[in-house]
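Trainee: Take 4 as the starting number for the sequence shown in this note's numbering and just add one per residue. Heads up, the beta-carbon is just placed ideally off N, CA and C, and yes, glycines get one too. Everything numeric in this text was worked out from a predicted model, so none of it was measured. Right, I'll just put the structure down here and ask away after.
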Amino acid sequence: MIALLTAADVFVPDGDEARRRAQEELSKAEYQAAKPNWFDQLAADVAEWFFGLFGGDGTGAVAPLALTLITIVVVAAVVVALLVWGRPRASRTVRGGTDLLGEKNDRSATQLRADAERRARDGDWNDAVVLRFRALARGLLERDLIDPAPGATAQGIAREAAPALPQLTESLHEAATLFDRVRYLGTTASETDYRELAAADEHIQATAPRLGADTQAVHA
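Printed below as a string of structure tokens:
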């Protein structure tokens, strides 16, 4: 009987009172500190969205939307890589310091021709010939008619330019041969050698290239 009376004396709040007391309890500092902040909630929402891209049945299957998004990201990454690191298509005029015919310098074709003419006026035909062929090669490079690998020879440059200038194949070969003879074999150049090389260089400058299938590799 005493136990029954004690239990009956216990106060049991109604619904509104219980709700009020629960709110008061949860408003205490220790409960507020335990609540997730805005960053925690944001992270949870992002994680929920990401995992929602995958199969929600626990099998790990990738949803179609996830495959689409992954494909878009991969393609975008490839495009960006090509734009940033792809081979430049701009004129080689700005490619200063290119290693060409065993010499690295930033002189343009115009500057090399001027230097060759100065040597010719001084009667230094050997240097004039060497500089004039370098000007010829630099001009081909500036016009995007060649894209020689480091260490390319004069004959290699002539062969590479031939598809774009087929009517001048023989002139290119003869110019390269003269350069090799003077530069490497110790042949003494004459004024006639220089004048013929200069004429060939001017003819090459004035000739429009044939940009067909055989020359696409240079521009790719």
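(1) If we count the other Cβ atoms within 10 Å of its Cβ and call it buried at 16 or more, is residue 188 buried or exposed?
(2) Would you list the one or two residues that DSSP bridges to residue 102?
(3) For residue 136 and residue 214, what's the separation of their Cα atoms in angstroms?
(4) Excluding five sequence neighbours on each side, which residues of the same chain lie with their C-beta closer than 7 Å to the C-beta of residue 123?
(5) May I ask which residues mark the beginning and end of the alpha helix (DSSP H) holding residue 174?
(6) Taking a contact to mean a Cβ-Cβ separation below 8 Å, would you say residue 207 touches residue 139 in this structure?
(7) Would you mind reading off the limits of the alpha helix (DSSP H) that contains residue 118?
(8) I'd like the span of the alpha helix (DSSP H) that includes residue 137, first residue to last.
(9) Roughly how many angstroms lie between the CA atoms of residue 128 and residue 166, to the nearest whole one?
(10) Of all the options 163, 48 and 155, which has the alpha carbon lying nearest to the alpha carbon of residue 148?
(11) Below 8 Å, can you find three or more Cβ-Cβ pairs linking the segment 107-118 to the segment 175-194?
(12) Looking at the structure shown, is residue 154 part of a helix, part of a strand, or coil, going by DSSP?
(13) Going straight from the alpha carbon of residue 156 to that of residue 186, what length do you get?
(14) Terminal residues of the continuous alpha helix (DSSP H) containing residue 209?
(15) Distance, Cα to Cα, residue 161 vs residue 73?
(16) Can you give me the Cβ contacts of residue 154 inside the same chain, cut-off strictly under 8 Å, excluding the 5 residues immediately before and after it?
(17) Flag this pair as yes or no: are the beta carbons of residue 159 and residue 151 separated by less than 8 Å?
Mentor: Let me spell this out:
(1) Position 185 of the sequence shown, counted from the start, is the residue given in the question as residue 188. Counting Cβ neighbours within 10 Å, residue 188 comes out exposed, since fewer than 16 surround it.
(2) Working through the sequence shown from its first residue, we reach residue 102 at position 99. Partner(s): 107.
(3) Here residue 136 is taken as the residue at index 133 of the sequence shown, counted from 1. Here residue 214 is taken as the residue at index 211 of the sequence shown, counted from 1. Computed Cα separation, rounded: 23 Å.
(4) As a position in the sequence shown, residue 123 is number 120, starting the count at 1. For residue 123, where only same-chain residues beyond five positions count, the Cβ hits under 7 Å are 131 and 197.
(5) What you label residue 174 is simply residue 171 of the sequence shown in a count that begins at 1. Segment 172-187, the alpha helix (DSSP H) holding residue 174.
(6) Here residue 207 refers to the residue found at position 204 when the sequence shown is read from its first residue. Here residue 139 refers to the residue found at position 136 when the sequence shown is read from its first residue. Yes, they are a contact pair.
(7) Reading the sequence shown from its first residue, position 115 is the one you call residue 118. Note, residue 118: alpha helix (DSSP H), 112-124.
(8) Counting from 1 along the sequence shown, the entry for residue 137 is found at position 134. That run of the alpha helix (DSSP H) goes 128-145.
(9) To locate residue 128, count along the sequence shown from 1; it is residue 125. To locate residue 166, count along the sequence shown from 1; it is residue 163. If I take the Cα positions, the gap works out to 30 Å.
(10) By one-based count along the sequence shown, residue 148 stands at place 145. Of the candidates 163, 48 and 155, the one whose C-alpha sits nearest the C-alpha of residue 148 is 163.
(11) no
(12) Along the sequence shown, read from residue 1 onward, the residue named residue 154 stands at position 151. Three-state DSSP puts residue 154 in coil, outside helix and strand.
(13) Reading the sequence shown from its first residue, position 153 is the one you call residue 156. Reading the sequence shown from its first residue, position 183 is the one you call residue 186. Going from the Cα of residue 156 to the Cα of residue 186 covers about 12 Å.
(14) Locating residue 209 in the sequence shown gives position 206, counting from the first residue. Its alpha helix (DSSP H) spans residues 194-209.
(15) For the purposes of this step, residue 161 is taken as the residue at position 158 of the sequence shown. For the purposes of this step, residue 73 is taken as the residue at position 70 of the sequence shown. Roughly 47 Å separates the two Cα atoms.
(16) By one-based count along the sequence shown, residue 154 stands at place 151. Counting only Cβ-Cβ distances below 8 Å, and skipping sequence neighbours, we find 102 and 105.
(17) Translated into positions along the sequence shown, residue 159 becomes position 156. Translated into positions along the sequence shown, residue 151 becomes position 148. Against a cut-off of 8 Å, the Cβ pair of residue 151 and residue 159 comes out as a contact.
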